[in-house]
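S.K.: Once you've had a glance at the structure underneath, I'll fire off some questions.
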């Protein structure tokens, strides 16, 4: 009897994976210039509890946490997606709220698989546009998104911690989730009888 062959994949997160998601997020934040210091103020147990809640008790069914798995079924990345809460958002606008891939697993295809799963999931949930707030100086993520068809939409903001010790500038990118015919996907196009 042969053992099953595992391949890199993406799926919905399971509650027991909240700790692994926290580990990926902490490794990702540590790799970003200027944000590594924020980890000192982030309690790992609190982060894990927050991810557990996001997975088990999302505010709406369209809030989802996806995980990217390597060939050993280890979590190497994740994304949190759902309806956009931007003040200028339409009800069919989605938001990629978090997108992290462990630094030592970047450029191995996990970002692409995660991006395709995000688009497929958002389309299935009826969203027609996706938005993503990117750090203004995160050239790597912006280049990845631009190559994937995302573009700035003119939105920008500055956010920070409660004590104003950390302030970061962000720009908003967006992409359409519909094809040129206006249908979300071919298999979701209206059926004629």
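Numbering (the UniProt record's numbering), first residue to last: 1 to 193. We put the beta carbon where it would ideally sit given N, CA and C, even for glycine.
Can you round the beta-carbon distance between residue 65 and residue 78 to whole angstroms, since I take them to be within the 8 Å contact cut?
M.R.: 6 Å
S.K.: Mind pulling the alpha helix (DSSP H) runs of 4 or more residues that sit fully within the stretch 44-77?
M.R.: 44-56
S.K.: Short of 7 Å in beta carbon distance, which residues of its chain neighbour residue 87, apart from the five on each side in sequence? Order them along the chain.
M.R.: none
S.K.: Mind checking whether residue 30 and residue 39 have CB atoms under 8 Å apart?
M.R.: Result yes, Cβ atoms of residue 30 and residue 39 sit closer than 8 Å.
S.K.: Evaluate contact between the stretch 9-20 and the stretch 67-82, counting only Cβ atoms and requiring at least three cross-stretch pairs below 8 Å.
M.R.: yes
S.K.: Among 80, 103, 73, which one has its Cα closest to the Cα of residue 26?
M.R.: 103
S.K.: Please work out which residues of its chain come closer than 7 Å, Cβ to Cβ, to residue 144, disregarding the five sequence neighbours upstream and downstream, and give them in chain order.
M.R.: Cβ neighbours of residue 144 beyond the five flanking positions: 111.
S.K.: Mapping the DSSP letters down to three states, classify residue 19 as helix, strand or coil.
M.R.: DSSP, reduced to helix, strand and coil, places residue 19 within a helical segment of the structure shown.
S.K.: Looking only at its own chain, which residues have a Cβ that is under 7 Å from the Cβ of residue 170, when we skip the five neighbours before and after it?
M.R.: 133, 134, 135, 136, 156, 157, 159
S.K.: Quick one: Cα of residue 83 to Cα of residue 72, how far?
M.R.: Distance between the alpha carbons of residue 83 and residue 72: 32 Å.
S.K.: For the beta strand (DSSP E) that contains residue 135, what are its first and last residues?
M.R.: 129-135
S.K.: Helix, strand or coil: which one does DSSP assign to residue 38?
M.R.: helix
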